[in-house]
Amino acid sequence: MTDKKPNKLKARLPRGLADRGPAEIAATREMVETIRQTFERYGFEPVETPAIEYTDALGKFLPDQDRPNEGVFSFQDDDEQWLSLRYDLTAPLARYVAERIGTEHIVLPYRSYRAGYVFRNEKPGPGRFRQFMQFDADTVGSASMAADAEMCMLAADTMEALGIPRGSYVVKVNNRKVLDGVMEAIGLGGEENAGRRLTVLRAIDKADKFPIQEIRKLLGEGRWDGGEVGKGDFTKGAFLTSGEIDTILAFLQTGVAAQTKAIRDTARASLRSSLFSDIDDLDDDDLSDLEVGPLQLRAGNRPRDTFAALANQEIDNKAFVEGVEELKAISDLVRRSGFGTKRIKIDTSVVRGLEYYTGPVFEVELTFEINDEKGRPVRFGSVGGGGRYDGLVSRFRGETVPATGFSIGVSRLQAALSLIGKLGDNKVQGPVVVTVFDKDRIADYQAMVTQLRNAPINAEKPEGPKIRAELYLGNPKNLGNQLKYADKRNAPCVIIQGGNEKAKGEVTIKDLTLGAALAAQEKGRDEYLQKQTQAQRTVPQADLVKEVQTILARRS
RNA sequence: GCAGGCGUAGCUCAGUUGGUUAGAGCGCCGGUCUGUGGAACCGGAGGUCGGUGGUUCGAGCCCACCCGCCUGUACCA
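The first sequence runs contiguously to residue 1064 in my numbering.
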């Protein structure tokens, strides 16, 4: 190491990953606890699975490839089998359930929940990380729409439990069968059109991101992301004919179109009338619940309008009809339980992932504007989502096992809440600091620390949480530094015992909160010091704990 | 992945047509102050100018490649 430029190791973190300090940890812990309580109220029970699974259990082998998909962190075990870090909590649960069905370890229908970190090897963005926490609820073994409706209600209740007011979030519901039905109607059914169906679904998914003309481009020839030809990147389109595009756009605008009474009145012919049997006594009271937020949602606000418009699509293949009926069932179920459209609404543009959903799909979105640290508006994706995945468990078993689930993006939600100042900024309360006045009496000071640590914060609750206290471990050359340290730790108070106090069997306890308030008023050194003594009390050493308890009570 | 923008001290930023020892404010450390956080004043530390290579007598500045960050877009289980 005689080199003048030693090659020092650079301390750095891979992109998309974040260290987390006390404030963030506290915020996460609180969120997780809130979500957990809500999920348990709904009857879900916890289960935990490891972060690593066999890659094929996660379903991420590409066809024609012996390597797992990019986007998943994967590596090979000693025996050359591919392992992957989980990228969601749903696939691992399916594996867990598949191993236990028919045993005494699981009772169907099985409601379970779990929180955990998941990993995705992709480009990070605002609220988007390569390691992040999800909180999942799943119901396995029930094909009932009541299970799906419950997921939506659970999502809405959880948002509110987390302090997001009604109207600031919305649970959007759609059904994959409906989308499939629409595509079948324009001749995109069948195996040979799978690729184009994907393109169409992706275009539909962007309905709340781009104006309708842009969607039209994506369904037709394609779109330049710079806004005009030749600018930016080109997204290949689905090459539908303009008639086919019209069919899809009409479907996307079902909510809007149905505002016309004439359309609604003609709607009933094309679908089974049972769909509309109870429409009229359902919705008008719901209008008070109606609010058009910054996100212009495509679907109409009134279920009656939405379903009338869907009926009016003149699509009557089996998938479409089934899908609409399922949507109607969910809509009725949640509304009968008192969830209005402000909380849970049908939105025909919701697509979600393309992998395994087979029926209803849900997405939770925040409806308020979010700005980054510099005040620029940020586009946040959904903070939660899910849907029915009837095929996922059956991959491991011959039989079909219906299942539906919902996942909250805890990390993303936390990032959003922290950007709007709802959490993360509050400093974590520090411990009581016992200062070292006399180096030779460290044992005495340590004894005080121990005495405090063994005492309850609240004298009336001896079994409650104990006082947090610590000894100053730095160089005790002067008291000022020790107070500065205590201040930075956000300590509620410091304990001082110098020669004067010791001689009389006393201790001085300084309330730092009070001291800070007094400090702001004085200019000169002498007045300042004079004022500071007002923030402290000198009491018999026997009253140490009592005095600290008084200060802690004042502070909370 | 694609397109564009940006990288100078812990933070926010200056830095002349390429010219000698790269600056400021805030923050940090120390002192004035041997029993008190703040203020004030004084002093100090901290930079291979994102990295590598090139052009040049000479590069923070010009060129190439790489890395990172931001925005849009793609993907989003």
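Ideal Cβ positions, reconstructed from N, Cα and C, are used throughout, including at glycine.
Beta-carbon proximity list for residue i, same chain, < 7 angstroms, skipping 5 on both sides
i, result
"Lys769", "Caution applies to Lys769, whose pLDDT of 45 falls short of 50 and renders its modelled position unreliable; the model cannot decide the point."
"Thr666", "Ile543, Thr546, Ile916"
"Val842", "Ala657, Cys660, Met661, Ile852"
"Phe484", "What is shown of the chain runs 509 to 1064, which leaves residue 484 out entirely."
"Leu991", "Val1002"
"Ser845", "Met661"
DSSP-derived helix/strand/coil call for residue i
i, result
"Asn485", "This structure gives no information on residue 485, because the portion of the chain shown stretches from 509 to 1064."
"Asn983", "coil"
"Lys1072", "Outside the displayed span of the chain (509 to 1064) sits residue 1072, for which this structure offers no information."
"Thr866", "coil"
"Ala746", "coil"
"Ile854", "strand"
"Glu668", "helix"
"Lys935", "coil"
"Glu1055", "helix"
"Gln1080", "Residue 1080 is absent from the structure shown; the chain starts at 509 and stops at 1064."
"Arg1045", "strand"
"Lys685", "helix"
"Ala951", "helix"
"Glu1030", "coil"
"Val540", "helix"
"Val859", "coil"
"Pro673", "coil"
"Pro973", "coil"
"Pro522", "coil"
Cutoff 8 angstroms; reference residue i; Cβ partners in own chain excluding five residues on either side
i, result
"Gln631", "Going by the sequence as given, residue 631 is Lys instead of Gln. Excluding residues within five positions, the ones whose Cβ falls inside 8 angstroms are Gly524."
"Ile459", "A query on residue 459 cannot be resolved here, the shown segment of the chain reaching from 509 to 1064 and no further."
"Glu588", "none"
"Val936", "Pro530, Ala531, Ala534, Asn998"
"Val690", "Thr755, Ile756, Phe759, Gln821, Ile823, Phe828"
Among the options, the one whose alpha carbon lies nearest that of residue i
i, options, result
"Gln1005", "Tyr562, Met956, Leu670", "Met956"
"Lys1018", "Leu981, Pro970, Pro1000", "Pro1000"
"Thr912", "Tyr618, Pro522, Gln642, Val648", "Val648"
"Val555", "Ala602, Tyr595, Pro530", "Ala602"
"Asn577", "Leu841, Arg628, Met539, Leu835", "Arg628"
"Gly906", "Gly889, Ile609, Thr749", "Ile609"
"Lys568", "Thr557, Gly551, Pro600", "Pro600"
"Gly635", "Ala1027, Ala923, Glu1014, Phe828", "Ala923"
"Val681", "Lys836, Glu971, Lys1010", "Lys836"
"Ile823", "Leu1022, Val686, Gln959, Pro522", "Val686"
"Val944", "Tyr993, Phe904, Arg976", "Tyr993"
"Ala645", "Glu553, Gln584, Lys996", "Glu553"
"Pro970", "Leu921, Asp564, Lys1054, Ala663", "Lys1054"
"Leu960", "Lys947, Val940, Arg949", "Val940"
"Glu834", "Asp574, Leu818, Thr849, Gly848", "Leu818"
Sequence-distant residues of its chain with Cβ nearer than 6 angstroms to residue i (five each side left out)
i, result
"Asp786", "The pLDDT assigned to Asp786 is 47, lower than 50, so where the model puts this residue is not dependable; a value taken from the coordinates is nonetheless given after this. Answer for Asp786: no residue qualifies."
"Phe640", "Ser919"
"Asp741", "Asp733"
"Tyr625", "Gln639, Met641"
"Asn707", "Sequence inspection shows Thr at residue 707; the Asn mentioned does not correspond to that position. Excluding residues within five positions, the ones whose Cβ falls inside 6 angstroms are Ala746."
For residue i, the residue or residues it bridges with in DSSP
i, result
"Glu561", "Ser592"
"Ala911", "Val648"
"Gly893", "Glu871, Ser915"
"Lys680", "Lys853, Glu871"
"Val941", "Glu978, Val1002"
"Glu578", "Note: Glu578 sits in no beta bridge, so no partner."
"Val886", "Ile878"
"Glu692", "In the DSSP output, where bridge partners are listed per residue, Glu692 has none listed."
Give, in chain order, every unbroken run of the beta strand (DSSP E) that is at least 3 residues long and sits entirely within the segment 988–1023.
1001–1004, 1014–1019
Every unbroken alpha helix (DSSP H) inside the segment 699–742 [4 residues or more]:
702–713, 720–727
Complete beta strand (DSSP E) runs within the segment 580–654 (minimum length 3 residues, chain order):
582–584, 590–593, 618–627, 639–648
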